[in-house]
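Q: Below you will find the structure I want to go over with you.
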Amino acid sequence: MKETIRIIGIDPGLRRTGWGVIETLGNSLRFVASGTVTSDGEMDLASRLCQLHDGLAEIVHSYQPDEAAVEQTFVNKDATATLKLGQARGIAMLVPARAGLKVAEYAPNAVKKAVIGVGHGEKQQIHLMLKVLMPKAIFKGNDAADALAIAICHAHNRQGMASRLAALAG
3 MKETIRIIGI DPGLRRTGWG VIETLGNSLR FVASGTVTSD GEMDLASRLC QLHDGLAEIV
63 HSYQPDEAAV EQTFVNKDAT ATLKLGQARG IAMLVPARAG LKVAEYAPNA VKKAVIGVGH
123 GEKQQIHLML KVLMPKAIFK GNDAADALAI AICHAHNRQG MASRLAALAG
């Protein structure tokens, strides 16, 4: 008998960290919740990271996911911005890991490919496909939508991994 798996997807950012929770049973996906954890740009970096940590910890505690997925950081031209994003990403990985969850990582192109079928696409395409895949999904803004897409990417990839492992064992 298959079991329902609850997945949290996290789109890390220093100003806004998106999160999305879905459930998967076989090939079916069900929207649970989504939102954004924000930090106060007027505060020092350490305080902002604490805000992200505390906000994500509350989400993980409230929704009790079984697994987590985080988007990998891309490197941009501004080294300082990339470093700060990396620190926010560390928080996004730490919170679920501290809660005992396995944390998977996915490149942005892999997320897009899992949701819209190609590795490059516009945010609007992701939004439209989220509504096709999960008609009851509610998300405000790109960060929450991206987090749901990351969770969907993990749902697709974890099924593939389970099938490959079963084939090897059988």
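Position in the sequence shown (from 1) plus 2 gives the number in this note's numbering.
Backbone N, C-alpha and C define an ideal beta-carbon position, used for all residues, glycine too.
For the putative contact between residue 31 and residue 4, defined by C-beta atoms under 8 Å, what is the C-beta separation to the nearest angstrom?
A: By 1-based counting over the sequence shown, the position of residue 31 is 29. By 1-based counting over the sequence shown, the position of residue 4 is 2. About 14 Å; that fails the 8 Å criterion.
Q: Grouping DSSP H, G and I as helix and E and B as strand, with all else coil, what is residue 50?
A: Taking the first residue of the sequence shown as 1, we reach residue 50 at position 48. Here residue 50 sits in helix by DSSP.
Q: Can you tell me where the alpha helix (DSSP H) holding residue 82 begins and where it ends?
A: As a position in the sequence shown, residue 82 is number 80, starting the count at 1. Where residue 82 is concerned, the enclosing alpha helix (DSSP H) stretches over 81 to 100.
Q: What did DSSP end up calling residue 104 once you bin it into helix, strand or coil?
A: As a working mapping, residue 104 is identified with position 102 in the sequence shown. Correct three-state label for residue 104: strand.
Q: Give the single residue among 48, 22, 141, 148 whose Cα lies nearest to the Cα of residue 92.
A: The residue you call residue 92 lines up with position 90 of the sequence shown. Residue 48 is the option with its Cα nearest to residue 92.
Q: Quick check on this structure: which residue in 35, 51, 9, 29 has the alpha carbon closest to the alpha carbon of residue 17?
A: Within the sequence shown, the letter at position 15 stands for residue 17. Residue 17 has its Cα closest to that of 51, out of 35, 51, 9, 29.
Q: Report yes if the C-beta distance between residue 36 and residue 150 is below 8 Å; otherwise report no.
A: As a working note, residue 36 is residue 34 in the sequence shown. As a working note, residue 150 is residue 148 in the sequence shown. A contact, by the Cβ cut-off of 8 Å.
Q: Is residue 20 near residue 153, with beta carbons less than 8 Å apart?
A: Stepping through the sequence shown from its first residue, residue 20 is reached at position 18. Stepping through the sequence shown from its first residue, residue 153 is reached at position 151. No; because the gap between Cβ atoms is not below 8 Å, this pair is not in contact.
Q: Do you know how far the Cα of residue 128 is from the Cα of residue 156?
A: Residue numbering aside, residue 156 sits at position 154 when the sequence shown is read from its first letter. Residue numbering aside, residue 128 sits at position 126 when the sequence shown is read from its first letter. Straight-line Cα distance between these residues: approximately 15 Å.
Q: Go ahead and label residue 73 buried or exposed: buried means 16 or more other beta carbons lie within 10 angstroms of its beta carbon, across all protein chains shown.
A: Translated into the one-based positions of the sequence shown, residue 73 becomes position 71. Residue 73 comes out buried.
Q: Verify whether the separation of the beta carbon atoms of residue 9 and residue 71 is less than 8 Å.
A: Taking the first residue of the sequence shown as position 1, residue 9 is located at position 7. Taking the first residue of the sequence shown as position 1, residue 71 is located at position 69. It is a contact, given that the beta carbons lie within the stated cut-off.
Q: Output yes or no for whether 8 Å exceeds the beta carbon distance between residue 158 and residue 116.
A: For the purposes of this step, residue 158 is taken as the residue at position 156 of the sequence shown. For the purposes of this step, residue 116 is taken as the residue at position 114 of the sequence shown. Yes. Within cutoff.
Q: What residue range is occupied by the uninterrupted alpha helix (DSSP H) comprising residue 135?
A: Locating residue 135 in the sequence shown gives position 133, where the first residue counts as 1. From DSSP, the alpha helix (DSSP H) with residue 135 extends over 125 to 135.
Q: Go ahead and pull the three-state DSSP assignment for residue 148.
A: The residue labelled residue 148 in the question sits at position 146 within the sequence shown. In this structure, residue 148 counts as helix in the three-state DSSP scheme.
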